[in-house]
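Written below as structure tokens is the structure these notes are about.
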């Protein structure tokens, strides 16, 4: 656990300096923001994908990208690298 | 690679700008500028990550703030050049409607190899950003589990692959639903809004830190409380410029996490204690880093 001591960023600041409650809310909000950012990036990826391959639909590519990300992370990105 | 593609775009595009595209300096007025600023906040998501590398960087007290400043300046230059080139090539109203504005702007140049090259570059760039997206997520997740604020079962690690599969599946489900239900503009607005709210809390924390350390000779905040107050103010201005739906979504997330917190706190069958001592070190380190950063900034101010 030692290695994660100060990697909580904004969550850690709010937890320590405002209150554990504020920390929890900030942590949840932050994680939510990261997931929505992932959705935005998937959609951005899909927008450019369909300019090269117009045969695909935007939502399909974006959903496939999101599922592929989940799958890759489940297997572990490090496991896939030689 | 990503930078090379943007340089290619700027290098080819900047000589083919149509000046009439700049005839109106701000077609949507001040509110348009502020809303743009709110949206573009999304692009600066990654800078906080540099600060978490403290242990791995040589002479981090000096090099870390320096590297953040350099990275900030370089990316501002690249963003501004790219933005100028794109809006100079194509009408900004057409760009605003497009999900792939760089390809849209490159099409104006009539060179389709260039359009393909730029689109391909963006694909690689977005794919790599997507893959690293989870790193930040797991970091805060681990910090919250350490303070007993998240269920340990969420952080459960698969014995076969060594990955926290419960949290990844949870994240993947939410991610897929969001991708399906929302569009690019909505997701960007919601992300910017949520991150701005988090920054609001960071600025409040900075003010609290100063109050706690009032008697300490070690910790000093220059121009206190102007800088965190300006931070608070700019967050609020940018937040208010973003669409209403992002307010609602963020409010729902805050309300849900608040309810979750109170439910767990009041349930008799848990060990929901805050291990303040466990993260006591964090505050000390934080104060130390802030102190060093302050010294660095003062030095930087003197030299200019």
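Protein chains in written order, with the working numbering: chain A, 1 to 82; chain B, 83 to 386.
A virtual CB, placed ideally from N, CA and C, is assigned to each residue, including glycine.
task = Check the Cβ-Cβ distances between residue 225 of chain B and every residue of chain A, and say whether any is below 9 Å.
result = yes
ask   = Under a CB-based cut-off of 9 Å, is residue 291 of chain B close to chain A?
value = yes
key: Member of B/200, B/244, B/273 whose CA lies at the smallest distance from the CA of residue 329 of chain B   = B/273
message = Please tell me whether residue 120 of chain B and residue 320 of chain B are closer than 9 Å, where the distance is taken between their beta carbons.
response = yes
inquiry  = Can you check which of these residues, A/71, A/29, A/42, is closest to residue 209 of chain B by C-alpha distance?
reply    = A/42
message = Output needed in chain order: residues of the stretch 44-59 of chain A with a Cβ under 9 Å from some Cβ in chain B.
response = 44, 45, 46, 47, 48, 49, 50, 51, 52, 58, 59
key: the stretch 12-26 of chain A touching the stretch 283-296 of chain B, judged by at least three CB pairs closer than 8 Å   = yes
inquiry  = Between the alpha carbons of residue 244 of chain B and residue 36 of chain A, how many angstroms are there, rounded?
reply    = 25 Å
ask   = On the three-state DSSP scale, how would you describe residue 172 of chain B?
value = coil
request  = Under the assumption that residue 201 of chain B contacts residue 52 of chain A (Cβ atoms under 8 Å), give the Cβ distance between them as a whole number of angstroms.
outcome  = 5 Å
query = What's the gap between the Cα of residue 71 of chain A and the Cα of residue 344 of chain B?
reply = 33 Å
request  = Please check if any C-beta of chain A sits within less than 9 Å of the C-beta of residue 65 of chain B.
outcome  = Nothing can be reported for residue 65 of chain B: it is not among the residues displayed for chain B, which extend from 83 to 386.
task = Give the range of the alpha helix (DSSP H) segment to which residue 231 of chain B is assigned.
result = Premise fails: residue 231 of chain B is in no alpha helix (DSSP H) and is neither H nor E.
task = Specify, as a first and last residue, the run of the alpha helix (DSSP H) that residue 65 of chain A falls within.
result = 58-75
task = Report the rounded CA-to-CA distance for residue 171 of chain B versus residue 96 of chain B, giving the unit in angstroms.
result = 8 Å
query = In whole angstroms, what separates the C-alpha of residue 34 of chain A from that of residue 212 of chain B?
reply = 10 Å
Expected contact under 8 Å - CB spacing of residue 431 of chain B and residue 38 of chain A to nearest Å = With chain B covering only 83 through 386, there is no way to say anything about residue 431 of chain B.
ask   = Candidates B/331, B/99, B/204: which alpha carbon is nearest residue 65 of chain B's?
value = The requested residue 65 of chain B does not occur in the structure, where chain B is confined to residues 83 to 386.
task = Could you spell out where the alpha helix (DSSP H) holding residue 335 of chain B opens and where it closes?
result = 326-348
key: Partners in chain A for residue 335 of chain B, counting only beta-carbon separations shorter than 7 Å   = 28, 29, 32
message = Can you pull the chain A neighbours of residue 256 of chain B, defined as C-beta to C-beta under 7 Å?
response = 35
query = Between residue 359 of chain B and the rest of its own chain, which residues show a CB-CB distance below 8 Å, the 5 nearest in sequence each way excluded?
reply = For residue 359 of chain B, the predicted structure reports a pLDDT of 43, less than 50, and the residue's modelled location is therefore unreliable. A value from the coordinates is still provided. Around residue 359 of chain B: no qualifying Cβ.
query = So what does DSSP say about residue 54 of chain A, is it helix, strand or coil?
reply = coil
request  = Compare the C-beta of residue 74 of chain A against all C-beta atoms of chain B and say whether one is closer than 9 Å.
outcome  = yes
request  = Quick one: using the 10 Å Cβ neighbour count with 16 as the cut-off for buried, is residue 220 of chain B buried or exposed?
outcome  = buried
query = Does DSSP classify residue 106 of chain B as helix, strand or coil?
reply = coil
ask   = If we cut at 9 Å on Cβ distances, does residue 247 of chain B have a partner in chain A?
value = yes
message = Suppose you measure from the CA of residue 354 of chain B to the CA of residue 268 of chain B; what does that come to, to the nearest Å?
response = With a pLDDT of only 44 at residue 354 of chain B, under 50, the local geometry of the prediction cannot be trusted, and the value read off the model is given with reservation. Answer to the nearest angstrom: the Cα atoms are 36 Å apart.
request  = Spell out whether any CB of chain A is found under 9 Å from the CB atom of residue 343 of chain B.
outcome  = yes
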